[in-house]
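S.K.:
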Amino acid sequence: MKIQINGKEELIENITNLTELINSKNLKPENIVVEHNTKIVSKEEFENVIITEEDKIEIISFVGGG
Amino acid sequence: MSDLLKIGDKEFKSRLFLGTGKFPNKKIIAKVIEESESKVITVALRRVDLDSKDENVLNYIPKDSILMPNTSGARNAEEAIRIARLAKASGCGNWIKIEVINDNKYLLPDNMETLKAVEVLSKEGFIVLPYMSPDLSMAKRMVDAGAAAIMPLGSPIGSNRGIKTKELVRILVNELNIPVIVDAGIGRPSEACECMEMGCDAVLVNTAIATARDPIEMAKAFSKAVEAGRKAYLAGLGPVKEEGRASSPLTGFLRDESN
Chain A
14 MKIQINGKEE
24 LIENITNLTE
34 LINSKNLKPE
44 NIVVEHNTKI
54 VSKEEFENVI
64 ITEEDKIEII
74 SFVGGG
Chain B
14 MSDLLKIGDK
24 EFKSRLFLGT
34 GKFPNKKIIA
44 KVIEESESKV
54 ITVALRRVDL
64 DSKDENVLNY
74 IPKDSILMPN
84 TSGARNAEEA
94 IRIARLAKAS
104 GCGNWIKIEV
114 INDNKYLLPD
124 NMETLKAVEV
134 LSKEGFIVLP
144 YMSPDLSMAK
154 RMVDAGAAAI
164 MPLGSPIGSN
174 RGIKTKELVR
184 ILVNELNIPV
194 IVDAGIGRPS
204 EACECMEMGC
214 DAVLVNTAIA
224 TARDPIEMAK
234 AFSKAVEAGR
244 KAYLAGLGPV
254 KEEGRASSPL
264 TGFLRDESN
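Here the protein sequences line up with chains A and B, keeping their order.
Counting from 14, one number per residue, gives the positions in the first sequence under our numbering.
Counting from 14, one number per residue, gives the positions in the second sequence under our numbering.
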């Protein structure tokens with residue numbers, strides 16, 4: 014399946030929902046914020062969001078800044 | 014007597030807000046926060062670098078800090094509003110520093126777009142602290158739009174040029190009834206002290222501390238300077254005169270007055 018993560022195209026396999034996607038990237042839900050097709054997804058909803066072809070996903074976290 | 018700074022529903026002692034960018038490593042950030050006793054800590058939001066194993070900056074910020082994400086990267090109100098909503102969705106609080114910049118040379122904020130973001134985000138329940146170019150009428154509009162504090166710049170971000178906008182900031186301090194926090198360009202503890210002496214409520218410092226030879230010692234120096242400036246302001250500075258006025262008595266000199 015072809016999706017877009019953080020502006021880059023990626024081919025993913027065996028991933029059905031956001032929880033599985035986050036886990037596949039070795040990320041912890043508590044450290045990130047996720048947008049799925051421009052909608053912000055709360056952590057509690059990760060496993061309910063089904064990933065489909067051409068989905069646009071943004072995975073964002075806090076970094077140092079002034 | 015307590016002299017707590019009150020913003021939104023939070024009250025705290027430290028009037029030194031700290032940015033977390035440009036530090037040589039993240040471990041220093043934790044020590045800097047500890048030594049400076051800063052309470053309000055700024056962070057940015059960015060796409061996760063999926064190819065790197067970089068540790069999250071939040072791991073180095075104490076849990077009892079007040080996190081103030083900035084909307085850096087936003088070039089207009091719409092982008093700032095999106096970033097703010099993402100920050101809030103993280104569950105780390107509802108404070109937001111609105112930073113809207115479409116000037117790549119001086120990094121000066123766009124006051125008009127900032128005002129638009131203040132209007133929208135205040136209505137959504139954020140505690141909004143807009144970073145702005147000091148202009149009284151704009152600041153008043155931001156206050157009316159629901160800003161919790163106003164953050165005028167001292168000089169361009171990262172320039173360490175000091176409080177070049179001093180006279181305009183003084184006007185904001187005199188005329189606004191919400192906290193005024195100088196943010197950007199403060200390069201020395203003496204400049205932070207200067208802001209506090211003239212009645213600013215706090216200062217935000219990042220580059221001057223992060224790029225010092227010893228950031229931890231510099232953070233301590235800034236903390237003391239902010240405290241000194243605040244004490245001086247509360248103590249009431251003496252009047253400035255055109256001519257000299259002797260400090261020692263003008264009578265009882267050890268000489269004959271006829272000479």
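Ideal Cβ placement from N, Cα and C applies to all residues, glycine included.
Note that the structure is a prediction, hence the values are computed from the model and not measured.
(1) Would you mind reading off the limits of the beta strand (DSSP E) that contains F75 (chain A)?
(2) DSSP three-state label for N50 (chain A), please.
(3) Secondary structure at D196 (chain B), three-state DSSP: helix, strand or coil?
(4) Given this structure, state the Cα-to-Cα distance separating E47 (chain B) from T127 (chain B), to the nearest angstrom.
(5) Go ahead and label I79 (chain B) buried or exposed: buried means 16 or more other beta carbons lie within 10 angstroms of its beta carbon, across all protein chains shown.
(6) What residues in its chain sit with their C-beta under 7 Å from that of P42 (chain A), if we drop five residues either side in the sequence?
(7) Could you say if the region 93 to 113 of chain B and the region 33 to 41 of chain B meet the contact criterion of at least three C-beta pairs nearer than 8 Å?
(8) Evaluate V253 (chain B) with the Cβ neighbour count: other Cβ atoms within 10 Å of its Cβ, from every protein chain shown; 16 or more gives buried, anything less gives exposed.
(9) Would DSSP call R7 (chain B) helix, strand or coil?
(10) Using alpha carbons as the reference points, say which of B:L121, B:I140, B:E50 lies closest to I191 (chain B).
(11) Determine the direct distance from the alpha carbon of D68 (chain A) to that of V54 (chain A), and round the result to whole angstroms.
(12) Go to A221 (chain B), then tell me how far its alpha helix (DSSP H) extends in each direction, as first and last residue.
(13) What is the DSSP secondary structure of N83 (chain B), reduced to helix, strand or coil?
(14) Let me know the secondary structure DSSP gives V141 (chain B) once reduced to three states.
M.R.: According to the data block:
(1) 69 to 77
(2) coil
(3) strand
(4) If I take the Cα positions, the gap works out to 32 Å.
(5) buried
(6) I35, K56, F59
(7) no
(8) exposed
(9) Because chain B spans 14 through 272 in this model, residue 7 (chain B) falls outside it and cannot be assessed.
(10) B:I140
(11) 14 Å
(12) 220 to 223
(13) strand
(14) strand
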